[in-house]
Each structure stands twice: as structure tokens, then as C-alpha cells.
Amino acid sequence: MKLVTITFFSFLMLLGSGSLMAQEFQGRAIYMSKTSMDMSNFGGDQMSEQQKKMFAERMKNMLEKTYVLSFNRTESIYKEEEKLAAPGGGGGGRMGGIMGSFTAGPQYKNVKDQQLIQDQEFFGKQFLIKDSIPQLEWKMENESKQIGQYLSFKATAVKKGNDLDVTNMSRRNRTDESRKDSTKTNSADALEVPKEIIVTAWYTPQIPVNQGPGEYWGLPGLILEVNAGRTTILCTKIEINPTDKLEIKAPSKGKEVTKTEYEAIVKEKTEEMREMNGGRGRGRN
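With mature numbering (1 follows the signal peptide of the UniProt record, and there is no 0) applied, the sequence shown covers -22 to -1, 1 to 263.
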């Protein structure tokens, strides 16, 4: 589909959504988030294929989540839908414990004030991360597709990798020497995050708000699907002006920090844990 055609369709969608633009409105979108992990190299030679399979099953509940995005014209609140843990599900071992220590609460975005507020728990301590909304340079692509009843258009961007992004970590290619002597590489040194991550988003001008799931926003319509690294986020249900009035309120509890300050705290704690584990031995697995 040519760019001119996409632009024309976008114009028609904006006209068709004139009734929404002419009034204050609210909406609720349900998203399914799924993250895949490459288990082939996880655990190295110290885990059997059966152990890796069992580990992957235990991790499934942590990597497949449901989120609710409540939004109006300028604000949104994005939070995980609570669900009961499966009996005997456990956590997924050591990695499950680490991921569970980064419990994310509601995330508030105000696109008018360019403000992001994240309720974040880290090792039992509550933080309130206040910062500006991440900016992505979106490139409009010449593709469209139908997502449910909404005609959606493609946009791509590149974001920097984050050393604290556990979901996109992968094992470094080790040299022959380090393979022979595994004591030369501990678990932290063996993992790396890509320097850049390609983000593909699909948005619909039929819902004329520049909101989206998580950190994603800034397109001329609600973002319905995101693919970034190993994570896919897909909208499965949308309600416009639901009968129950939505509460879009920024979280307010916790120690107030910037994103940079929070990342420094996490890195310091991670280094502390590594030293407690001796850097090797138990820490290597």
C-alpha cells in the first residue's frame, strides 16, 4: 500500500472519529504481553535439557501477562491485571527470584506535561520513579493491517538497550578458552543486552489519542500492537466511554527518584549481591 493511500486512509479515519475528538472521552484497552526466552544456552552445560524445559515452564507465568490501559485525551494509567498464582507454581528458581524482585506497579503517563510516573518495588522497598516520557523517533512505514475492527498502520523506531532489561538479556559468545575454564566468567559477565532494539508498532487513527502500552506512545492513534526484542504486546479488547467511570490517577507512594537514580540503586544492589555470592560458585548458575 502506497504512502499516499495510507495518508488518505488516516485522514478518513480522523474524520470518522470526529465525534470522539469533539468530546472528552475515556477508554480502556486490554493487552496481552508475551516474552520469549532462548533457553538453549541458559544455564550452560550445568543444566540438562529436561531441567531447562522445567525451568521454562515455571517461567511462563512470569513472561506472559495481561495489562489494562485506562486512558483519556492526555493521561493514561497502565497496570498489570492481577491473577492468582498456580498452586505449586513456584517462581522459576534463581532467575524467577531476581525477576520477582523488580515488581512493577501502575505506570502513569501524561503526554501533555511529558511526565511519566512509575510505581516500582525493588527488593521489598517502594520507589516512585518520576521522569520525562521516553522519546522515540517514529518512522511511518507503508504498511497497514486489520487488528480486530480497527485498521492499523505500521511505525518503527530504534531504542537503546538497557542493562537492567532482563527480558532481552542473552548469553555472550564465549571464547574457546573461557569454555574450558568456566570459572573465568560468572553469570553477570556472561549476559549482555543488545545496544539497540528495533521497535515495531501498529496504531489506529480510529482512536485519536497518542497513547499506548507501557513506555510506548507518540503516534497519531492508539497503539494496538508492539514488537520489541523478545516481547510482543497485543491489544485484545477496547472499550470507549465504558459505563463505569475510569480513575486515571498518578501513583504517589514510595521514595521519589529519577530513572537515572533508580538504575544506580539497582546496579549497586546487584553488585552487592554478586559480592555476597562470591562472584563465582553459586553466582555462576
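Glycine included, every Cβ here is placed at the ideal spot set by N, Cα and C. Computed from a predicted model, the values in this text were never measured in an experiment.
Could you name the residues of the same chain whose beta carbon sits closer than 6 Å to that of residue i, not counting the 5 residues immediately before and after it, in chain order?
i	result
I211	Y9, S11, P191, V204
E246	none
K237	I107, D109
For residue i, write down the residues that DSSP places opposite it in a beta bridge.
i	result
Y9	Y45, C213
V89	In DSSP, V89 forms no bridge with anything.
Y56	L47, Q85
I95	Y86, K108
I218	G5
For residue i, does the count of other Cβ atoms within 10 angstroms reach 16, so buried, or fall short, so exposed?
i	result
P183	buried
M37	buried
P220	exposed
I216	buried
S26	exposed
Q189	buried
V136	exposed
M254	exposed
S230	exposed
E249	exposed
N91	The question names Asn, but residue 91 in the sequence shown is Asp. Exposed, because fewer than 16 other Cβ atoms sit within 10 Å of the Cβ of D91.
D97	buried
A242	exposed
K87	buried
E115	exposed
I95	buried
F101	exposed
Locate the beta strand (DSSP E) running through residue i, then write down its first and last residues.
i	result
A242	No beta strand (DSSP E) contains A242, which is instead part of the alpha helix (DSSP H) from 237 to 254.
D109	103 to 110
Q124	117 to 125
L202	200 to 206
L129	128 to 138
T178	174 to 182
Who are the near neighbours of residue i in its chain, counting only those whose CB is closer than 7 Å to its CB and skipping five residues on each side?
i	result
T13	L41, T145, R208, T209
M251	none
V46	R6, I8, K57, E59
L202	I125, Y128, S130, W180, Y181, T182, C213
L224	Q4, R6, S48
Is any heavy atom in the ligand MG found nearer than 6 Å to the beta carbon of residue i?
i	result
L41	This structure does not include the ligand MG; it has no bound ligands of any sort.
Looking only at its own chain, which residues have a Cβ that is under 8 Å from the Cβ of residue i, when we skip the five neighbours before and after it?
i	result
K233	K103, Q104, F105, L106
Q113	G196
V177	L114, T134, A135, V136, K137, Y194, V204, N205, A206
G74	Reliability fails at G74, whose pLDDT of 48 lies under 50, so the model's placement of it is uncertain and the value that follows must be treated cautiously. So the qualifying residues of the chain are R36, M37, M40, G68.
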